[in-house]
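The structure appears below as structure tokens.
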Amino acid sequence: TGFPVLEGQDGRPDTDLRDLFRGAILFVFGLVCGGLFRDLLLTGLRPGDEQKQGARYARGTLVFYALVGLGFVLGLRAWGIYLGELGWLLAPAGVAIGFGMTEILSNFVSGLILFVERPVKVGDIVTVGDIQGDVRGISIRSTVVRTRDGISIIIPNRKMVEENVINWSHGDAKTRLRASVGVAYGSDVALVKKVLLDVAKRDQRLLERPRAEVAFRAFGESELSFELLVWLATPDMTARRRILSDLNSAIDAAFARTGIQIPFPQRDLHIRTTPRDHRRQNPADEAEDNEA
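If you want it as structure tokens, here you go:
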């Protein structure tokens, strides 16, 4: 009393239920092992290990898809199906891909590029068009970016490869912050620069190297434009906004103490009167003047 068998075209036993069961087990085994291996790589990481997390996530995802693919191939072999015998199925599938699955295939290939080259990793801070946030996940089809408003945005991998992507975490984590300010005409330029540099020195969150700089940018319509350039140890956007806000408050207080005025846009209106003989009169006015 063995397992029921499925007969081939020649009447000989081709595949029995044991083979079907074995093939299903192999496929599920590859799926489970891939998921466990990926999760194992991500365990034990502390919140500050973003770079290690991104590298491990990429390797784990590649191994996951490799094990799933291996389990699928072995499962087909257990069922007596070989990839070489699927040519009749792959040919029309290729036509279907060419006509209706171009976007999916493009995202799939782009996902492989992201996993191999790793220009963007999980934990990186990126800007894609108008979208800015942390990379929370990279799959074979899309990338999940979580914004500062707590919104998760799913971006097709094709956009991550083809479009300009700003990766604030790539390479050196140091980033430069710019604080722009205008002062009234007649202000002491040397004093303005000194006050701005003193504000930067008092903020312990700013790096000493590279040094802070002050640039005299332009002569505006109603102001002298300056820019304070400082360096931070983190590319985190929330931290950058908080530090910029604190710098602006400190600059305003320092200018008030030293008597440096921050101007506001203003317009001067000059009214000039013209002698009566040079004004253009209408015919009625000319008639009244002649009668007089």
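The numbers in this note's numbering rise by one with no breaks, and the one at position 137 of the sequence shown is 128.
Idealized CB from N, CA, C, for every residue including glycine.
query: DSSP puts P254 in a beta bridge; with which residues?
result: Sequence index remark: in the sequence shown, residue 254 carries index 263 (1-based). BP columns for P254 are empty, so no partner.
query: On the premise that S216 lies in contact with G173, defined as a C-beta separation below 8 angstroms, what is that separation, rounded to the nearest angstrom?
result: Residue mapping note: residue 173 aligns to position 182 of the sequence shown, counting from 1. Residue mapping note: residue 216 aligns to position 225 of the sequence shown, counting from 1. Between S216 and G173 the Cβ distance is about 5 angstroms, and since that is below 8 angstroms, they are a contact.
query: Is I122 near I144, with beta carbons less than 9 angstroms apart?
result: To locate residue 122, count along the sequence shown from 1; it is residue 131. To locate residue 144, count along the sequence shown from 1; it is residue 153. Against a cut-off of 9 angstroms, the Cβ pair of I144 and I122 comes out as a contact.
- request: Answer with buried or exposed for I157, where buried requires no fewer than 16 other C-beta atoms within 10 angstroms of its C-beta.
  value: The residue labelled residue 157 in the question sits at position 166 within the sequence shown. Classification of I157: exposed, given that the 10 Å Cβ count is below 16.
query: Just the Cα atoms here: how many angstroms apart are T166 and I262?
result: Counting from 1 along the sequence shown, the entry for residue 166 is found at position 175. Counting from 1 along the sequence shown, the entry for residue 262 is found at position 271. For T166 and I262, the distance between alpha carbons rounds to 51 angstroms.
task: Using three-state DSSP, classify V156 as helix, strand or coil.
output: Here residue 156 is taken as the residue at index 165 of the sequence shown, counted from 1. V156: strand per DSSP, three-state reduction.
- request: For E214, count neighbouring Cβ atoms within 10 angstroms of its own Cβ and tell me buried if that reaches 16, exposed if not.
  value: As a first step, residue 214 must be located in the sequence shown, where it is residue number 223. That one is buried.
task: Measure how close the beta-carbons of P226 and A164 come, nearest whole angstrom, since I'm counting them as under 8 angstroms.
output: Here residue 226 corresponds to residue number 235 of the sequence shown, with the count starting at 1. Here residue 164 corresponds to residue number 173 of the sequence shown, with the count starting at 1. That pair is a contact at about 6 angstroms.
- request: Kindly indicate which three-state DSSP category S130 falls into: helix, strand or coil?
  value: Along the sequence shown, one-based indexing puts residue 130 at 139. Reduced to three states, the DSSP call for S130 is coil.
message: Considering only the alpha carbon of each residue, which of R196, A191, E212, Q195 lies closest to E204?
response: Position 213 of the sequence shown holds residue 204. It is A191.
message: On a Cα-Cα basis, can you pick out the residue from E212, R196, L223, E94 that is closest to D259?
response: What you label residue 259 is simply residue 268 of the sequence shown in a count that begins at 1. The candidate whose alpha carbon is nearest that of D259 is E212.
- prompt: Helix or strand or just coil, what does DSSP make of I122?
  reply: Position 131 of the sequence shown, counted from the first residue, corresponds to residue 122. Of the three classes helix, strand and coil, the one that applies to I122 here is strand, per DSSP.
field: Proximity to K184 [Cα-Cα], best of G102, T249, D10, V111
entry: In the sequence shown, the residue the question calls residue 184 occupies position 193. Among G102, T249, D10, V111, the Cα nearest to that of K184 is on T249.
query: Roughly how many angstroms lie between the CA atoms of R29 and L235, to the nearest whole one?
result: Mapped onto the sequence shown, residue 29 falls at position 38. Mapped onto the sequence shown, residue 235 falls at position 244. So the alpha carbons of these two residues sit roughly 39 angstroms apart.
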